[in-house]
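All remarks here apply to the structure that follows.
So, in structure tokens, the structure goes:
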């Protein structure tokens with residue numbers, strides 16, 4: 339095999355390795371931390387789940403500059419609410435408060451009762467970026 343051919347094969351191999359590494363690195367998804375509240379973290383994924391249904395609603399009602407303004411305000415409100423929730427969780431942990439599972443089940447049951455069937459309930463949760471186990 340000629341030196342030129344070996345050189346070409348070597349370059350192709352190096353390019354293949356680099357492309358593979360690039361694709362693997364691109365496949366890694368790291369959840370970005372937006373805010374840390376005491377020891378509680380608000381991630382990009384958590385924010386996105388809370389914001390998705392609000393965003394859809396706003397996008398269906400506004401356009402142009404007004405859409406941008408409404409989305410900016412909604413983003414700020416969602417983040418504020420997430421921060422308040424994390425503060426409450428932090429206080430609850432500090433005070434060693436416990437969750438009453440019966441109360442959680444009762445409240446989930448109340449939420450379910452607003453829908454005609456289980457499928458509608460689960461679709462609504464999904465539309466809001468959540469699911470039954472995350473409630």
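In this note's numbering, the protein residues as written are 339 to 473. Positions of the beta carbon are idealized from the N, C-alpha and C atoms, including for glycine. Just so we're clear, the structure is a prediction, and the values are computed from it rather than from any experiment.
Reduced DSSP secondary structure (H/G/I, E/B, other) of residue i
{"i": "residue 372", "result": "strand"}
{"i": "residue 468", "result": "coil"}
{"i": "residue 455", "result": "coil"}
{"i": "residue 419", "result": "helix"}
{"i": "residue 401", "result": "coil"}
{"i": "residue 437", "result": "coil"}
Environment of residue i [buried if 16+ CB atoms lie within 10 Å]
{"i": "residue 394", "result": "exposed"}
{"i": "residue 473", "result": "exposed"}
{"i": "residue 430", "result": "exposed"}
{"i": "residue 388", "result": "buried"}
{"i": "residue 424", "result": "buried"}
Residues bridged to residue i [DSSP beta-bridge criterion]
{"i": "residue 378", "result": "375"}
Contact set for residue i: own chain, Cβ-Cβ below 6 Å, skip 5 residues either direction
{"i": "residue 390", "result": "467"}
{"i": "residue 383", "result": "369"}
{"i": "residue 410", "result": "none"}
Proximal residues to residue i (C-beta, below 8 Å), its chain only, five neighbours per side dropped
{"i": "residue 421", "result": "373, 375, 380"}
{"i": "residue 453", "result": "459, 462"}
Anticipated Cβ contact below 8 Å, residue i with residue j, distance rounded
{"i": "residue 405", "j": "residue 397", "result": "7 Å"}
{"i": "residue 428", "j": "residue 377", "result": "7 Å"}
{"i": "residue 459", "j": "residue 450", "result": "5 Å"}
Chain-order list of residues whose beta-carbon lies under 7 Å from that of residue i (same chain, five-residue window excluded)
{"i": "residue 392", "result": "412, 416"}
{"i": "residue 400", "result": "408"}
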